[in-house]
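The structure appears right after this line, and notes come after that.
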DNA sequence: CGGTTAATTGAACGCATTCAACACGAGTGG
DNA sequence: CCACTCGTGTTGAATGCGTTCAATTAACCG
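Chains as they are written, first to last, in this note's numbering: chain A, 65 to 276; chain Y, 65 to 276.
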């Protein structure tokens, strides 16, 4: 089973659990869904659009935690507080569930399953990200990131919903290094950019090799 | 409530849940508790000793996921497989619970609470680590690490159960950079090393300032 | 179109790495 | 008890990758 198929297979459970318990809400581009250090009292499921989580340190450095796409559940921060803020990268439709409601339905197979699966995915992405940030070079980081995006839309052209700064803050690099690396990847005929926000993978094998 | 007190407060629940369901097991120094890509079918609670989790990439680079101390629960990898291996850094006593047993006791407040708390702690540490690796320099990384160790034994001398290479692989640095940074911190009278494996914090305020 | 923000490119710098040599400590055998 | 060895840690010098600072170009939006 490919990752793509696994993704599809678990969506129904998530969808119905959130449809039963959740209330829909829309967020405009750049609107904050919740702030850093807000009380974590809800779960969120993204219906459309793209969301970014990020933490800003006291001296202004920013680390992007992750990007979330339609079908993804976010806001799972396990503590009483959201350690990362969540912001809408584009206009978004979100289904929101109060954690107390989820707790009331504890034992409900569907609800438990939805939260468990989302937590699982969240932790695995976090673990992978630690390896990327701890042990990979700039080209490897950017290549890994492009692969992550591209395998959602296998084959065709891929849209980058985030700007270079967001990519940099996610990958632990500077905006200049990201830009240079993308230019280099294009020069090496690994990817091809139709515009700054849209690319296509030219040499999938090479891209995967570069991601290490 | 200090982190120290929170730590103490939640230990009882964890202890009793694992005592009821778990079987004790001992591991010798350097022994593997589970390997990378092993089936994840058990949870582990450390009674004594220190455990390290790590992942090795295809080309040999190693990233240490975390270090676990008495009272900590590890092996929580959410997927069907352990994405990180676990090894005993010292001789260890561990209580082991099969996940199927935990599932059978689902709804058991004590068991659920134990796993939930452990998962919470795990995710928060992962999130903090992402920020450290993504946005902190060498001195900040090492200072943060020393603080994490020192606040377990506030006041007195602190033992380093791991070698320099483990510290480096945890912090995303090289062994030389770790060594140099420690030397520098000692030169600046922030910490004092009695031996390579034992130190004391001389200037706590400065150490925290350096951790950023 | 003009005005503004985002992205690219260039050049110099600096931090961490790499490569290499040396010191230290623990364990072993003469 | 000392000499030897091996693993671990420290220190030095040179390199390089990514950053920083600065200028230019491209994209976006009124």
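In this text, a Cβ means the ideal position worked out from N, Cα and C, and glycines have one as well.
In this text, all values refer to a predicted model and were calculated from it rather than measured experimentally.
Asked                                                                                                                                                              : Found
Using CA atoms only, rank isn't needed, just tell me which of Y:128, Y:92 and Y:273 is closest to residue 208 (chain Y).                                           : Y:273
Measuring only between beta-carbons, confirm whether residue 88 (chain A) sits less than 8 Å from chain Y.                                                         : no
Quick test of your reading: residue 224 (chain A) and residue 262 (chain A), contact by CB under 8 Å. State the CB separation rounded to the nearest angstrom.     : 7 Å
Got a sec: which bits of the stretch 212-244 of chain A sit with their beta carbon under 7 Å from any beta carbon on chain Y, in order along the chain?            : 236
If contact means a Cβ-Cβ distance below 8 Å, which residues of the stretch 103-133 of chain A contact chain Y?                                                     : 119, 121, 122, 123, 125, 126, 127 and 129
With which residues is residue 87 (chain A) paired in a DSSP beta bridge?                                                                                          : A:160
How about residue 120 (chain A) and residue 100 (chain A): are their beta carbons less than 8 Å apart?                                                             : yes
Have a look at A:118, A:238, A:267 and A:237 and flag the residue whose alpha-carbon is nearest the alpha-carbon of residue 149 (chain A).                         : A:118
Who are the Cβ neighbours of residue 194 (chain A) in its own chain at under 6 Å, not counting the five residues just before and after it?                         : none
For a quick check, are the C-beta atoms of residue 116 (chain Y) and residue 153 (chain Y) less than 8 Å apart?                                                    : yes
Candidates Y:131, Y:135 and Y:108: which alpha carbon is nearest residue 232 (chain Y)'s?                                                                          : Y:131
Using a Cβ cut-off of 8 Å (strictly closer), state whether residue 199 (chain Y) contacts chain A.                                                                 : yes
Suppose contacts are defined by Cβ-Cβ distances below 8 Å. Is residue 139 (chain A) in contact with residue 104 (chain A) by that definition?                      : yes
Go ahead and pull the three-state DSSP assignment for residue 116 (chain Y).                                                                                       : strand
Cβ of residue 178 (chain A) less than 8 Å from any chain Y Cβ?                                                                                                     : no
Between the beta-carbon of residue 107 (chain A) and the beta-carbon of residue 211 (chain A), is there less than 8 Å?                                             : no
For residue 188 (chain Y), decide whether its Cβ has a neighbour in chain A, counting only Cβ atoms nearer than 8 Å.                                               : yes
Starting from residue 150 (chain Y), follow its DSSP beta bridges and name the residues at the other end.                                                          : Y:98 and Y:117
When DSSP labels each residue in this structure, what does residue 196 (chain Y) get in the three-state scheme?                                                    : helix
Is the shortest distance between the beta-carbon of residue 91 (chain Y) and the beta-carbons of chain A less than 8 Å?                                            : no
If we ignore side chains and look at the alpha-carbon of each, how far apart do residue 71 (chain A) and residue 214 (chain Y) end up?                             : Per-residue confidence for residue 71 (chain A) stands at a pLDDT of 46, beneath the threshold of 50, marking its modelled position as unreliable; no derived number is given.
In chain order, what residues of the same chain lie with their CB nearer than 6 Å to the CB of residue 200 (chain Y), ignoring the 5 residues before and after it? : none
In terms of residues, what are the limits of the beta strand (DSSP E) holding residue 262 (chain Y)?                                                               : 262-265
Taking Cβ positions only, does residue 276 (chain Y) come closer than 8 Å to chain A?                                                                              : yes
Just confirm the distance between the C-beta atoms of residue 254 (chain Y) and residue 270 (chain Y), as a whole number of angstroms; I'd bet it's less than 8 Å. : 5 Å
In chain A, which residues lie less than 7 Å from residue 184 (chain Y) when you measure between Cβ atoms?                                                         : 142 and 143
For residue 146 (chain A), would you say it is in contact with chain Y, using Cβ-to-Cβ distances shorter than 8 Å as the test?                                     : no
Using beta carbons (cut-off 8 Å, strictly below), is residue 262 (chain A) in contact with chain Y?                                                                : no
Using the Cβ count rule (16 or more neighbours within 10 Å means buried), how would you classify residue 141 (chain A)?                                            : buried
Tell whether a beta-carbon distance below 8 Å holds between residue 257 (chain A) and residue 250 (chain A).                                                       : yes
Is any heavy atom of the ligand SAH found at a distance shorter than 7 Å from the C-beta of residue 105 (chain Y)?                                                 : No copy of the ligand SAH occurs in the structure displayed, which carries no ligand at all.
According to DSSP, what are the bridge partners of residue 130 (chain A)?                                                                                          : A:117
Rank A:176, A:114, A:202 and A:276 by C-alpha distance to the C-alpha of residue 136 (chain A) and give the top, closest one.                                      : A:114
Could you spell out the range, first to last residue, of the alpha helix (DSSP H) harbouring residue 122 (chain A)?                                                : Unbroken run through residue 122 (chain A): none, as it is neither H nor E.
Taking Cβ-Cβ distances shorter than 8 Å, what residues in chain A pair up with residue 191 (chain Y)?                                                              : 119, 129, 141, 147, 148 and 190
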